[in-house]
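Residue numbering for the sequence shown follows our numbering, beginning at 1357 and increasing consecutively.
Yeah, the Cβ is synthetic: ideal placement off N, Cα and C, and Gly gets one too.
Structure, as structure tokens:
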Amino acid sequence: MIIHLSMHSSIYPSIHFDDRGHLWRSLQEGVCYGTRSAIDALRLAGLVDDSSGGSSCESTPPVSIAVSGGATRSTMFLQMHADVTNMTVVVGTFDNAPMLGAAILAAVGTNQFKYSVSKGRRRRNSIQLATFQEQIDEAVACMVHEMKRLHPCPIASQEYNRLYSNYMHFTAQVEDLSRALATNTTVDYRSMEESLLMPSSPSSSPLSYALQSGREAIVMPSILAADFGALSAEALLCEDIGAKWIHVDVCDGNTGCPGALTVGPQSVAAIHRSCPQLMQDVHVVSDNIMPLLQPLATAGAARITFQYEQVLQMDMPIDDSNRYFDECGVTATSIGIDYKLYYICRLIEELGMQVGVCISPDTPIEVLDGLMMLHKKADKDCLLIDNIDVLAVNPGFGGQVFNEQVLIKLRSIANRYPMLKYLSIDGGVNAETALKAAEAGANVLIAGSSIFGKNRIISDGRNGPLKSYQQLNTILMQHGL
Ligand code: DX5
Ligand code: ZN
């Protein structure tokens, strides 16, 4: 897919203005950030298909931007566009696009492309009248030529991605001033100064992310309820409404989640490419988790939260699994479920991801005691597990009813493991149940349907998710421990 954009100017002070060169560069970066926000808006509207038209090469982004106009004469400016948008920039041989468009229409209007030749296999080629669309396509093919392509540099793209979120904060803060300047009205400078001093999220109202006890407060949209045809755009939306984490269910449709076949490492990678800052908590419901660990780490998962009941069924050949025997005092004959858990946790940790374990509503928390003991033996001074995800519904499906029995379990986990960083409640979380879970000790609310709504499509927009996200955040901040 090719997107045509015209550039507009805006200025953003991303660097100190030591000299005129810095000022000029900042102006150019401002234009590039403007282009990126236009592309993000198209993504949100579902008009950018990140998966189509690309090569199979991982490092080449699938969507390209066609650029025209005088600015195309500056290679540096074009490269900056490629880096800021993380897209390939395509430049044509003729830089005046409006004139070229007019020439194409004139050529078609004067019947220069009236006929098309259809090639028969047996008969000789036949000439026939072309439709209007065919004439345009033919004229474009003859008159539009690509001159060069500039690919984004991954390191620069990553850095610009970080700066872009500053830019989004900044533009939100000076919105009133921009509007006043454009309409020649008076600006309320005092309130603007006050708002510039206040930290804020990219969404309109600033949110806090720490409970009174100092524990982190996290509202995590579960993308199982998002529009699956536009996952990258939905992830961008989550980031835009203020989310730092999203919950991604990787379910294999097997015994733990019959019929729930969701996404895999490729989707995690696609989301990570669009939103590298957004942390993905990947909930794996599979009784064959081992082959998924490395691909998920490569795809950019920040954490793997595995489903406890599925690991119970896992077959573990001793040859592969004896690598941590010494550190936790296990031998080939004493290998059991606790060591299976330990083994998976350590593999996830070694792959550079956080470790989470998810337990279904009927599973008591005591099942993790053995794992914790092994960990103690291994003489670690922190918990091996970063996250315990307490499911209040059956795994694999959204929109189920919250099982209130799990509130007792939340309380007991909070008491048992005061060092635990994240205690998540997952499934059936809405304003009412979130309050109860927060009071019981959860500091992470995972919510699908209550954030995205039912039968969501991307064109439903951001207002619903923004409102629900902020409401859950307020509840967690007011009632969390
Ligand atoms: C179930 C998932 C949940 C699910 C929750 O496997 O872990 O995150 O998406 O969906 P809702 O919030 O709709 O109950
Ligand atoms: Zn899940």
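Check: C-alpha gap between LEU1434 and TRP1380, whole angstroms; Outcome: 15 Å
Check: GLU1502 in three-state terms, based on DSSP; Outcome: strand
Check: Beta-carbon proximity of PRO1508 to THR1466, cut-off 9 Å; Outcome: no
Check: Environment of SER1806 [buried if 16+ CB atoms lie within 10 Å]; Outcome: buried
Check: With 16 other Cβ atoms within 10 Å as the buried cut-off, status of GLY1615; Outcome: exposed
Check: Element boundaries [beta strand (DSSP E), containing THR1687]; Outcome: Careful: THR1687 lies outside any beta strand (DSSP E) and carries neither H nor E.
Check: When ASP1718, PRO1774, ILE1574 are compared against LEU1751, the one with the closest alpha-carbon; Outcome: For the record, residue 1751 in the displayed sequence is Pro; it is not Leu. When only C-alpha atoms are compared, the closest one is ASP1718.
Check: Whole-number beta carbon distance between GLY1598 and TYR1778, since they are thought to touch under 8 Å; Outcome: Rounded, the Cβ-Cβ distance is 18 Å, inconsistent with contact.
Check: Rounded separation between ARG1505 and VAL1619 - CA only; Outcome: 32 Å
Check: Where ASP1493 falls: helix, strand or coil (DSSP); Outcome: helix
Check: Check: CYS1714 C-beta below 8 Å from any heavy atom of the ligand DX5; Outcome: yes
Check: Simplified DSSP assignment, three categories, for GLN1761; Outcome: coil
Check: Near the ligand ZN: VAL1641 beta-carbon under 8 Å from a heavy atom; Outcome: yes
Check: Endpoints, beta strand (DSSP E) assigned at THR1441; Outcome: Segment 1431–1441 is the alpha helix (DSSP H) holding THR1441; no beta strand (DSSP E) there.
Check: Status (buried if at least 16 other CB within 10 Å, exposed otherwise) for GLY1836; Outcome: buried
Check: Selection from ALA1657, HIS1731, GLN1489, VAL1387 that minimises the alpha carbon distance to VAL1604; Outcome: ALA1657
Check: Where ASP1596 sits in the DSSP three-state scheme; Outcome: helix
Check: Three-state secondary structure assigned by DSSP to ASN1678; Outcome: helix
Check: In chain order, each alpha helix (DSSP H) run of at least 4 residues that lies wholly inside the segment 1748–1818; Outcome: 1762–1772, 1787–1795, 1805–1808
Check: The segment 1691–1711 contacting the segment 1781–1794, beta-carbon criterion three pairs below 8 Å; Outcome: no
Check: Cβ neighbour criterion (16 or more within 10 Å) applied to GLY1754; Outcome: buried
Check: Buried or exposed by the 16-neighbour rule on C-beta atoms within 10 Å, applied to ASN1819; Outcome: exposed
Check: Residue of GLY1609, ASP1596, THR1654, SER1424 minimising C-alpha distance to GLN1622; Outcome: THR1654
Check: Beta carbon of GLU1502 nearer than 9 Å to that of GLY1448; Outcome: yes
Check: Bridge partners - MET1670, DSSP secondary structure assignment; Outcome: None, per the DSSP bridge assignment.
Check: Distance between VAL1419 and SER1411 (C-alpha atoms, nearest Å); Outcome: Legend: pLDDT at SER1411 = 41, less than 50; position of this residue unreliable, no value from coordinates given.
Check: Backbone CA spacing between LEU1832 and GLN1666 [nearest angstrom]; Outcome: 30 Å
Check: Alpha-carbon to alpha-carbon, VAL1473 and LEU1485; Outcome: 9 Å
Check: Three-way DSSP call (helix, strand, coil) for MET1833 in this model; Outcome: helix
Check: Burial state of LYS1823 (16 or more Cβ within 10 Å); Outcome: exposed
Check: Straight-line Cα distance separating ASP1682 from TYR1523; Outcome: 51 Å
Check: Bridge partners - GLN1846, DSSP secondary structure assignment; Outcome: The structure shown does not extend to residue 1846, since the chain spans only 1357 to 1837, so no value can be given for it.
Check: Sequence-distant residues of the same chain with beta carbon closer than 8 Å to ILE1674, five excluded per side; Outcome: ALA1688, ILE1691
Check: Rounded distance between the beta-carbons of ILE1693 and GLY1712, thought under 8 Å; Outcome: Not confirmed; about 17 Å, so no contact.
Check: LEU1652 versus VAL1624 - alpha carbon distance; Outcome: 7 Å
Check: Supposed contact pair TYR1664 and VAL1746 - C-beta distance, whole angstroms, cut 8 Å; Outcome: Wrong, their Cβ atoms sit about 11 Å apart, outside the cutoff.
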